[in-house]
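Residue numbers (my numbering), protein chains in the order written: chain W, 67 to 119; chain P, 970 to 1379. For each residue, glycine too, the CB sits at the ideal point set by N, CA and C. Only one structure is covered here, and it is reproduced in the block below.
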Amino acid sequence: MDLSQQDLADKVGVSRQTINAIEKGDYNPTINLCRAICKALGKTLDEIFWEEE
Amino acid sequence: MNYYPAKNVHQKIFMTFCKIYLTISKVCCILSTTGNKHKRRKDAKNMKQHHKVLLGIILSICLVLALLSGVIFKDKENNNTSDQYWKQTITIENGKVSPESSSIDFRVTEDGNYNIAYSWVPEGTNVDDIVNMDRSESTFITVIKITDKDGVTKFSTSAGAVNLNTINYLEAGDYTATYYYFTDRDTFVEYAKKHFCSEDEAYDLADFFDFENYVKDGTTVMNYNLSVTGEGIANSGSPLIMIGAFIAIFVITIILVIVGKKAKTDSLPEFDERQEIIRGKGFKYGFFTILISLALALLLDSANMLPMMHSSLLYTLSIFAGLFVFAEYCAWNEAYFALNQNSNYIVIYTSLIGVFNLIIFVMNVIRGNLFEDGKLTVSFLNLICALLFLSLFVTCAIKKSINAKEESED
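Have a look at this one:
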């Protein structure tokens, strides 16, 4: 999916800065927000939030 | 001792209108959320059209009144001045004073506050040296009593020699300033407890004046000055203005509550989880900022080290410090504006309030109202308000440019 941060934020219902902070690792989202992001992107939790080795 | 009653009533009214305007504007922003079309929140199109018209009318009236208040409620000038100088020879023989009193009349033509400057100084003594004068240099005690034509006392004080001024409200009419001379302790106590203090205070004063040791036979020529100058605040409509402002605020509040209840609940400001956390931290930092600055203010106040301002002003600055910390922290971390708020409108409105405050501050500086007795007045708060609101504008502008850069890179 070719979504901008703003588009993803609008879909999830948060601010663009929150999405930016999550991507940078400056903020750890709650499980509810994680699930909302996964639903918006059509992915699973493991695919998006699994910490890479 | 100097008494300076509240000045610049029109400025208070002006600020009241500005606050009303800001409050209504915030409600308009809340109720007219026009956030991104993809937002889940419904905007204020649900609000009935006539509510929007009503709010628009109220906004316009408040803005016009705010802008015109400086003209409508302009301070009325009071140019009454009475300035009199004279000499009086007082003789003490065998402990008896002659004459026992003297008096002088003056007239004020308008109701209002008047600066009454009065002094009586033995001839040969510089009026500026009174504070260093020893009690023994004045062989008798003078009591001044200012009465109106009905004999009602408006002001009274007593001393050996004095150079002071005070502010008193006087109605238009004729007044008499009578100077009573005392060389006898018991006579003074009887007069004092009857006319201007309690029995205990009268005895304390008599002890302080120490008649037994300082009354001496002889002749003294006293130089007198009585100056009565209008202070400029004689607007008898001031109470009516404040009552009117109170009624206006009450009515507008009722309207806002009614409109707010009719508005959809999902149009209230909402923040995402990260913003809530940031705002919580902001409140915490603001709270501790207020605590620390208040503690510092208390220390300075109790050590009599106030940096050229009254203590009430210093404590108010502590509150502003906390507000500043909260607002700046939230604004910098993108948690000041809710998801469904149009930040541009709010920034514009708050910037206008900041500009209004800056204009009022500059006006006060030009009119010389910033300092009184070498201390900052409450007019200084206009500058602080301006800095608070305008700093928010600057922070938002910086963040906007940073966000625009990030979005372009994204």
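Exercise for the section: Verify whether the separation of the beta carbon atoms of P/Asn-1351 and P/Ile-1329 is less than 8 Å. Expected result: yes
Practice task
Taking only the alpha-carbon atoms, compute the straight-line gap between P/Thr-1111 and P/Phe-1289 and give it to the nearest angstrom.
Solution key: 48 Å
Practice task
Report all residues from its chain with a CB closer than 6 Å to the CB of P/Leu-1269; omit the five preceding and five following residues, and keep chain order.
Solution key: Leu-1275
Problem - Beta-carbon separation (whole angstroms), P/Ala-1296 vs P/Arg-1248, contact threshold 8 Å - result: In fact, because the Cβ distance is near 11 Å, the residues do not count as touching under 8 Å.
Exercise for the section: Excluding the 5 residues preceding and the 5 following P/Gly-1291 in the sequence, name in chain order all residues of the same chain whose CB lies nearer than 6 Å to its CB. Expected result: Gly-1255, Thr-1258, Ile-1259
Practice task
Using a Cβ-Cβ cut-off of less than 7 Å, give me the residues of the stretch 1245 to 1269 of chain P that come near chain A, in sequence order.
Solution key: No chain A is part of this structure, whose protein chains are labelled W and P.
Exercise for the section: Determine, using beta carbons only, whether P/Glu-1303 comes closer than 8 Å to chain W. Expected result: yes
Practice task
Measuring only between beta-carbons, confirm whether P/Glu-1297 sits less than 8 Å from chain W.
Solution key: no
Handout entry: 7 Å Cβ cut-off: residues of chain W touching P/Glu-1375
Key = Asn-86
Practice task
Could you list which residues in chain P have their beta carbon closer than 9 Å to that of W/Leu-99, in chain order?
Solution key: Asp-1241, Glu-1242, Arg-1243
Practice task
Could you confirm whether any beta carbon from chain W is found closer than 8 Å to the beta carbon of P/His-1007?
Solution key: In this predicted model, P/His-1007 has a pLDDT of only 43, less than 50, meaning its place in the structure is not dependable; the value taken from the coordinates is given anyway. Closer than 8 Å to some Cβ of chain W, the Cβ of P/His-1007 qualifies, so yes.
Practice task
Determine whether the Cβ of P/Leu-1308 lies closer than 8 Å to any Cβ atom of chain W.
Solution key: yes
Handout entry: Backbone CA spacing between P/Lys-1163 and P/Thr-1122 [nearest angstrom]
Key = 12 Å
Exercise for the section: Measure how close the beta-carbons of P/Phe-1109 and P/Ile-1073 come, nearest whole angstrom, since I'm counting them as under 8 Å. Expected result: Rounded, the Cβ-Cβ distance is 18 Å, inconsistent with contact.
Handout entry: Where P/Pro-974 falls, given that 16 or more other Cβ within 10 Å makes a residue buried
Key = Model confidence at P/Pro-974 stands at a pLDDT of 37, short of 50, so the residue's coordinates are unreliable; what they give is reported in the following sentence. Counting Cβ neighbours within 10 Å, P/Pro-974 comes out exposed, since fewer than 16 surround it.
Practice task
With a threshold of 7 Å, establish whether the CB of P/Cys-1299 neighbours any heavy atom of the ligand ATP.
Solution key: Questions concerning the ligand ATP fall outside what the structure shown contains, since it holds no ligand whatsoever.
Handout entry: Three-state secondary structure assigned by DSSP to W/Gly-79
Key = coil
Problem - CB contact below 8 Å: W/Thr-110 versus chain P - result: no
Problem - Reference P/Ser-1287; option with closest CA among P/Ser-1271, P/Asn-1273, P/Ser-1262 - result: P/Ser-1262
Problem - Outcome for P/Glu-1300 when other beta-carbon atoms lying within 10 angstroms are tallied against a minimum of 16 - result: The residue asked about is misnamed: residue 1300 of chain P is Ala in this sequence, not Glu. Classification of P/Ala-1300: buried, given that the 10 Å Cβ count is 16 or more.
Handout entry: Min CB distance P/Ala-1013 to chain W below 8 Å
Key = Because P/Ala-1013 sits at a pLDDT of 47, beneath the cut-off of 50, its placement in the model cannot be relied upon, and the point is left open.
Handout entry: Spatial distance of P/Gly-1129 from P/Tyr-1193 (CA atoms)
Key = 13 Å
Practice task
Helix, strand or coil for W/Asp-112, going by three-state DSSP, please let me know.
Solution key: helix
Problem - Where P/Glu-1376 falls: helix, strand or coil (DSSP) - result: helix
Exercise for the section: Put P/Val-1121 into one of helix, strand or coil per three-state DSSP. Expected result: coil
Practice task
Look at the alpha carbon of P/Ala-1307 and the alpha carbon of P/Glu-1239, and state the distance between them as a whole number of angstroms.
Solution key: 5 Å
Practice task
Kindly indicate which residue of P/Glu-1079, P/Ser-1051, P/Val-1190, P/Asn-1182 has the alpha-carbon position closest to the one of P/Ala-1086.
Solution key: P/Ser-1051
Exercise for the section: Count the other CB atoms, across all protein chains shown, that sit within 10 Å of the CB of P/Gly-1064; report buried if there are 16 or more and exposed otherwise. Expected result: exposed
Exercise for the section: Verify whether the separation of the beta carbon atoms of W/Thr-110 and W/Cys-104 is less than 8 Å. Expected result: yes
Practice task
Under 8 Å Cβ to Cβ from P/Phe-1180, same chain only, skipping five residues before and after it: list those, please.
Solution key: Ile-1110, Phe-1151, Thr-1152, Asp-1153, Arg-1154, Phe-1157
Exercise for the section: Compare the beta carbon distance of P/Gly-1323 and P/Phe-1349 with 8 Å and say whether it is the shorter of the two. Expected result: no
Problem - N- and C-terminal bounds of the alpha helix (DSSP H) containing P/Leu-1268 - result: 1242 to 1271
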